[in-house]
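Residue numbers (the numbering used here), protein chains in the order written: chain H, 1 to 226; chain U, 1001 to 1272. Each residue gets a CB set at the ideal place from its N, CA and C atoms; glycine is no exception.
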Amino acid sequence: MATEYHVRHFQEELEHVKARLLEMGGLAEERVRESVRSLTTRDHGLIEKVLTGDAPINQLHIEIDDRCFKLLALHQPMAVDLRFIVAALKINTDLERVGDLAVNIAEAAQRYLQHPPVKELIDIPRMADIAQRMLRDALDAYVHRDALLAQRVLDEDDELDALKTLVFRDLLAYMLHTPATIEPALDLILVSRHLERIGDHATNVAEDVIFMVSARDVRHHQGEGA
Amino acid sequence: MLIRTQPRPKTLTSAAHAAPAPDKIIVDRLNFFYGAKQALTEISLTIPANLVTAFIGPSGCGKSTFLRTLNRMNDIIAGARVDGRVAIDGQDIYGSGNDVVALRRKVGMVFQKSNPFPKSIFDNVAYGIRINGLARSRGELTARVEDSLKAAALWTEVKDRLHESALALSGGQQQRLCIARALAVRPEILLMDEPASALDPIATQRIEELIYELKREYTIVIVTHNMQQAARVSDFTAFFWLGKLVEYGATEKMFTNPTEKLTEDYVTGRFG
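Below, the structure is given as structure tokens:
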């Protein structure tokens, strides 16, 4: 008949939140990959897929917020549990924005493909790789409560920012030399800007992980030298 | 202020329970008097099966009195009087010719202060089985005692000392023993009147987890002055005030967006 039970069902609820956030992170990462691939391979079908495929992430956004809201209201979590849920709420918002930025990249790709290619794309795929890696590492850090990995994500953001500046200067030269490239080149600049923003969201996630693990707030360079 | 009678929660489904729960207890316009003093006024609500329903409200609001009307525990109070209807599985428990003993076997109760008999752990749990003649053999009795202790999450701690005095157990263990004793006669409904208010936080957490697990097999009604406990353990919450039912609904709604201002003031600690 009955067995003995000592598992706190609250912990099970936290695991549900974690699983849903991971699912959302996986979707966001995939959409970033597809949006950049649609640009580099000039794939109109893939553009369409990204443009119309935002619903699952949006649904998860609402569901995770709802779960966290109820956990806060009904379980009055404390200490690491409280930090876990507050972090989950913020990470949820960041991941949803990453999903939106993938749509923005696909929109820019759609406009870009109406013109002949400005140049061979080298730095933008590199930026995409870094942004996706940052996102993946930030989520791994969240799952494994790994503050060191989270710190590595913060360090990688500088590389992404530097590449964005490089892309801008590079394309500026094309635009000055050949004014016909201004319109498509601006779209590539926008793509690099969106990728840099994705890196910023991964950075936010990593900062939340550090707060969750060690209760240390490293945002806006607080806690440096501490 | 308008206080409405509420025959049933706004919704009988919640995220955790997609299928509507069947009604177990239906209370219709119940009034209760201690002599000339009216303690409960026109209470109407429906308690769903296999879920946890919590009654909250400030001291003296009538929540414990109401709980005790559900297994006629108030009958023993001189001058107490009830009118209205309480139906369990469709049968009016205050109807003529009703067997109160059978009712209390079906509707078990656990009190604020654990009250084990001054007997062994085994005999405490076996007591109700024996006096009701529910076991045909020693082996069956032993099996039922073991099952009840396991259901109350106490078996591991006491299995090697079943014949020691129950009074040697800790407060939290004594309370789980009382739950095991209540479960031993296989009730369908378990009424719990402040079951954890005398316990420390760890023992309280174990009781709360137990409540969460027991609802698979029992309909549970719990009175608590601890609002956070109601939030943690219950599926539906009823808020009582001055002997009236102010609001009754899904616990997550009651604690995140109650309909009545009075409920909101109470759950946010603005009064009570």
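Item, Value
"Please list the partners that Ala1231 (chain U) has in chain H, where partner means a Cβ-to-Cβ separation under 8 angstroms.", "Ala73, Leu74, His75 and Gln76"
"With distance defined between alpha-carbon atoms, name the residue in H:Ala162, H:Asp54, H:Lys119 and H:Ala138 nearest to Ile105 (chain H).", "H:Asp54"
"Would you kindly work out how many angstroms separate the C-alpha atoms of Ala1231 (chain U) and Arg1136 (chain U), rounded to a whole number?", "42 angstroms"
"How is Gln1091 (chain U) classed by DSSP in three states: helix, strand or coil?", "strand"
"Tell me the DSSP secondary structure of Ala1198 (chain U) in three-state form.", "coil"
"Could you please tell me which residues of the stretch 8-20 of chain H, in chain order, have their CB closer than 7 angstroms to any CB of chain U?", "Arg8 and His9"
"Pairing CB atoms from the stretch 34-52 of chain H with CB atoms from the stretch 79-91 of chain H, are three or more of them under 8 angstroms?", "no"
"From the DSSP secondary-structure annotation, give me the bridge partner or partners of Lys1037 (chain U).", "U:Tyr1034"
"Using alpha carbons as the reference points, say which of H:Val98, H:Leu113 and H:Gly26 lies closest to Arg259 (chain H).", "Since the first residue shown for chain H is 1 and the last is 226, residue 259 (chain H) is missing from the structure and cannot be characterised."
"Tell me which residue opens and which closes the alpha helix (DSSP H) that Ala1102 (chain U) is part of.", "Val1100 to Lys1106"
"So with Cβ pairs under 8 angstroms, would you call Phe84 (chain H) a contact of chain U?", "no"
"Once you ignore the five residues that flank Pro1258 (chain U) on each side, which residues in its own chain have a CB closer than 7 angstroms to its CB?", "Glu1247, Glu1264 and Val1267"
"Could you tell me which residues DSSP puts in a beta bridge with Glu1247 (chain U)?", "U:Phe1239"
"With a CB to CB cut of under 8 angstroms and the five nearest residues on each side skipped, what residues in its chain are close to Gln1112 (chain U)?", "Asp1193, Glu1194, Pro1195, Ser1197 and Ala1198"
"Are the beta-carbon atoms belonging to Ile1121 (chain U) and Leu1177 (chain U) less than 8 angstroms from one another?", "yes"
"Name the residue from H:Leu195, H:Asp200 and H:Ala202 whose alpha carbon lies nearest to the alpha carbon of Val103 (chain H).", "H:Leu195"
"Note down, in chain order, each residue of its chain lying with its Cβ closer than 6 angstroms to the Cβ of Val17 (chain H), except the 5 sequence neighbours on either side.", "Arg67 and Ala88"
"Given that Lys70 (chain H) touches chain U, what residues does it touch there, using C-beta distances under 9 angstroms?", "Ala1015, Glu1252, Phe1255 and Thr1256"
"Expressed to the nearest angstrom, what Euclidean distance is found between the alpha-carbon atoms of Phe1117 (chain U) and Asp208 (chain H)?", "53 angstroms"
"Is Arg1206 (chain U) helix, strand or coil by DSSP?", "helix"
"Just curious, the alpha helix (DSSP H) that Val98 (chain H) is in, first and last residue?", "Ala79 to Tyr112"
"Taking a cut of 8 angstroms between CB atoms, which residues from the stretch 1188-1213 of chain U lie near chain H?", "Gln1205, Arg1206, Glu1209, Leu1210, Tyr1212 and Glu1213"
"Taking all protein chains shown into account, do 16 or more other C-beta atoms lie within 10 angstroms of the C-beta of Pro184 (chain H), making it buried, or fewer, making it exposed?", "buried"
"Which runs of the alpha helix (DSSP H), 4 residues or longer, sit entirely within the stretch 1109-1142 of chain U?", "1121-1131"
"Whose Cβ in chain H lies nearer than 7 angstroms to the Cβ of Gln1228 (chain U)?", "Gln76"
"Roughly how many whole angstroms lie between the Cα atoms of Tyr1212 (chain U) and Leu1067 (chain U)?", "19 angstroms"
"Taking just the CA atoms, how far does Asp123 (chain H) sit from Asp165 (chain H)?", "Sequence check: residue 165 (chain H) is Thr here, not Asp. Between Thr165 (chain H) and Asp123 (chain H), the C-alpha separation is close to 11 angstroms."
"Ordered along the chain, which non-local residues of its own chain (more than five positions away) have a Cβ less than 6 angstroms from that of Ile1222 (chain U)?", "Ala1054 and Met1192"
"Pick out whichever of H:Leu149, H:Leu190, H:Ile57 and H:Leu171 has its Cα sitting closest to the Cα of Val213 (chain H).", "H:Leu149"
"By Cβ distance below 6 angstroms, which residues in the same chain neighbour Asp137 (chain H) in space, the five residues on each side in sequence not counted?", "Leu149 and Val153"
"Which residue from H:Leu172, H:Thr93 and H:Arg111 puts its Cα closest to that of Ser35 (chain H)?", "H:Arg111"
"In three-state terms, what does DSSP make of Leu1045 (chain U)?", "strand"
"Kindly indicate which residue of H:Leu190, H:Leu22 and H:Lys119 has the alpha-carbon position closest to the one of Leu101 (chain H).", "H:Leu190"
"So, helix, strand or coil for Ser1165 (chain U), using DSSP?", "strand"
"How is the beta strand (DSSP E) around Val1185 (chain U) delimited, first residue to last?", "Taken as a continuous stretch (DSSP letters only), Val1185 (chain U) belongs to no beta strand (DSSP E), as it is neither H nor E."
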